[in-house]
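Residue numbers (the numbering used here): 1 to 332.
Structural data, given as structure tokens:
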């Protein structure tokens with residue numbers, strides 16, 4: 001893994017993966033990022049310039065993508081529009097980036113003969129009932145619920161088709177909900193943390209009973225590196241850390257951490273088509289590739305994340321007012 005191209009490497013999960021590569025490997029990394037509102041140049045600034053370079057460009061632009069891909073040994077494809085609320089308001093960017101962008105990457109790696117790892121989401125599987133003991137596995141049928149998850153499902157299907165039809169050397173991973181440093185304040189956990197830091201009240205969709213299988217982004221990064229090093233071409237691996245919590249419990253944990261009453265939050269109108277429960281069975285990744293999460297205590301990982309947001313107010317503060325104004329305009 002000498003030269004790695006990371007698409008979307010200035011975003012939340014992608015930038016954490018770049019940090020992971022710099023610490024854990026000797027790879028030289030190129031980040032390709034369109035630098036939309038969710039990207040963060042600050043997340044890459046502290047990294048060594050002789051190891052990491054940033055190219056600003058669109059993953060759907062073949063003129064940018066193809067020469068970059070040809071100059072690398074591996075492509076790790078994180079670039080995606082990923083916020084469900086935004087996909088309900090305007091699906092077009094999700095189709096463009098998640099489908100056309102993945103197609104552009106696939107054509108580039110096919111021409112150059114470069115190894116690809118495609119990063120996807122557990123949301124492609126739809127949801128599970130709250131009282132269902134089952135978890136998602138690699139054999140679970142796809143039933144996406146939103147424009148976001150549908151576009152990611154489509155991108156997964158494209159990757160599998162290019163593997164089978166053209167012999168592209170690719171793997172896929174589907175991960176559960178990430179939390180950790182550098183996540184935009186529009187997302188659930190950093191929004192609640194920063195609300196409380198500001199002396200406000202967390203906002204909870206509906207009754208807050210929707211369950212997510214949380215994983216610290218450092219564990220996601222280590223899992224992706226494990227798949228790159230030991231995964232079998234053409235295979236899909238589900239990434240999860242047994243972190244199932246409902247949204248109400250997460251809000252209560254955050255409030256407890258700050259010494260606030262556990263009922264000191266506001267209920268807001270639920271999201272349309274809000275999936276009930278996600279749960280990942282990562283047995284294949286653990287038994288075949290020997291991966292284990294480092295953050296197996298969600299509450300401890302959440303406390304570390306709260307501390308990061310307390311220490312990096314200068315980073316998230318500029319986006320906070322605009323984000324809350326956008327939510328307030330729709331009563332959320």
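For every residue, glycine included, the Cβ atom is placed at its ideal position computed from N, Cα and C. Everything numeric in this text was worked out from a predicted model, so none of it was measured.
Those residues which DSSP pairs with residue i across a bridge
i	result
residue 33	56
residue 220	According to DSSP, which records beta bridges pairwise, residue 220 is partnered with nothing at all.
residue 170	116
residue 215	178
residue 152	According to DSSP, residue 152 bridges with nothing at all.
residue 205	268
Between the CA atoms of residue j and residue i - distance to the nearest angstrom
i	j	result
residue 71	residue 106	15 Å
residue 315	residue 48	20 Å
residue 285	residue 278	18 Å
residue 178	residue 251	16 Å
residue 194	residue 185	7 Å
residue 42	residue 19	12 Å
residue 197	residue 16	23 Å
residue 258	residue 50	40 Å
residue 27	residue 206	45 Å
residue 232	residue 87	33 Å
residue 131	residue 209	11 Å
residue 66	residue 77	14 Å
residue 254	residue 61	41 Å
residue 24	residue 222	9 Å
residue 90	residue 239	28 Å
Nearest-angstrom Cβ-Cβ length linking residue i and residue j, presumed shorter than 8 Å
i	j	result
residue 217	residue 13	6 Å
residue 85	residue 275	Residue 85 to residue 275, Cβ: 13 Å. No contact.
residue 230	residue 289	5 Å
residue 10	residue 54	7 Å
residue 114	residue 7	Actually they are not in contact, since the Cβ atoms of residue 114 and residue 7 sit about 12 Å apart, beyond 8 Å.
residue 159	residue 118	5 Å
Three-state secondary structure assigned by DSSP to residue i
i	result
residue 265	coil
residue 44	helix
residue 125	helix
residue 138	coil
residue 235	coil
residue 184	coil
residue 278	coil
residue 7	strand
residue 210	coil
residue 247	helix
residue 28	strand
residue 177	coil
residue 309	helix
residue 77	strand
residue 64	helix
residue 144	coil
residue 14	helix
residue 258	coil
residue 332	coil
residue 130	coil
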